[in-house]
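Q: Numbering (the working numbering), first residue to last: 49 to 174.
Could you have a look at this structure, given as structure tokens, before my questions?
Structure below.
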């Protein structure tokens with residue numbers, strides 16, 4: 049009986065040592081998993097922030113294109129009015145075409161600058 053009790057105690061000690069080793073390994077894996085999960089969440093946050101910044105740049109570019117389109121559309125009023133089939137004596141003038149082109153360019157640049165300045169002042173553009 050005494051020899052059996054010694055063998056049981058040795059087996060129990062061996063099992064306790066194995067279980068303790070498994071517990072330590074599990075604890076270490078748990079810490080590593082927690083650390084990896086935290087790293088993944090940090091990466092997800094930074095990726096989301098980068099995507100938002102990219103989306104903002106695309107929206108700002110789109111706004112610039114809209115501003116340019118409105119400016120060009122408004123500038124086309126002058127040549128559109130001159131191109132109508134109405135007699136306005138501009139057809140016989142030597143400088144009328146140059147004045148019309150310069151006026152159109154001036155109107156386009158003025159409207160573009162004003163709308164872009166307003167958008168920048170409101171914080172829509174950098």
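Even for Gly, the Cβ is constructed at its ideal location relative to N, Cα and C.
Hey, would you say residue 153 sits closer than 8 Å to residue 120, going by beta carbons?
A: Sequence index remark: in the chain shown, residue 153 carries index 105 (1-based). Sequence index remark: in the chain shown, residue 120 carries index 72 (1-based). Result no, Cβ atoms of residue 153 and residue 120 do not sit closer than 8 Å.
Q: Mapping DSSP to helix, strand and coil, what is residue 142?
A: Along the chain shown, one-based indexing puts residue 142 at 94. Coil, per DSSP.
Q: Express the C-alpha separation of residue 104 and residue 90 in angstroms, rounding to a whole number.
A: Within the chain shown, the letter at position 42 stands for residue 90. Within the chain shown, the letter at position 56 stands for residue 104. Whole-angstrom Cα-Cα distance: 21 Å.
Q: If contacts are defined as beta-carbon pairs under 8 Å, then residue 108 and residue 174 qualify, I think. What distance do you get, rounded to the angstrom?
A: Looking up residue 108 in the chain shown gives position 60. Looking up residue 174 in the chain shown gives position 126. Correct: roughly 7 Å between the Cβ atoms.
Q: Measure how close the beta-carbons of residue 167 and residue 88 come, nearest whole angstrom, since I'm counting them as under 8 Å.
A: By 1-based counting over the chain shown, the position of residue 167 is 119. By 1-based counting over the chain shown, the position of residue 88 is 40. With 8 Å as the limit, residue 167 and residue 88 do not qualify as a contact, their Cβ atoms being about 38 Å apart.
Q: Within 10 angstroms of its Cβ, does residue 123 collect 16 or more other Cβ (buried), or is it exposed?
A: On the chain shown, position 75 is the one that residue 123 refers to. So residue 123 counts as buried.
Q: In its own chain, which residues sit with a C-beta less than 7 Å from the C-beta of residue 127, not counting the 5 before and 5 after it?
A: Counting from 1 along the chain shown, the entry for residue 127 is found at position 79. Excluding positions up to five away in sequence, the list reads 148, 152.
Q: Roughly how many angstroms separate the alpha carbons of residue 82 and residue 57, rounded to a whole number?
A: Taking the chain shown and counting its residues from 1, one reaches residue 82 at position 34. Taking the chain shown and counting its residues from 1, one reaches residue 57 at position 9. Roughly 37 Å separates the two Cα atoms.
Q: Buried or exposed for residue 160, please, with buried defined as at least 16 other CB atoms from any protein chain shown within 10 angstroms of its CB.
A: As a first step, residue 160 is located in the chain shown; it is residue number 112 there, counting from the start. With 16 or more other Cβ atoms within 10 Å, it is buried.
Q: Between which two residues does the alpha helix (DSSP H) holding residue 173 run?
A: In the chain shown, counting from the first residue as 1, residue 173 sits at position 125. From DSSP, residue 173 is part of no alpha helix (DSSP H); its letter is neither H nor E.
Q: I believe residue 111 touches residue 172 by the beta-carbon criterion, under 8 Å. Please report the beta-carbon distance rounded to the nearest angstrom.
A: Sequence index remark: in the chain shown, residue 111 carries index 63 (1-based). Sequence index remark: in the chain shown, residue 172 carries index 124 (1-based). Confirmed, about 6 Å.
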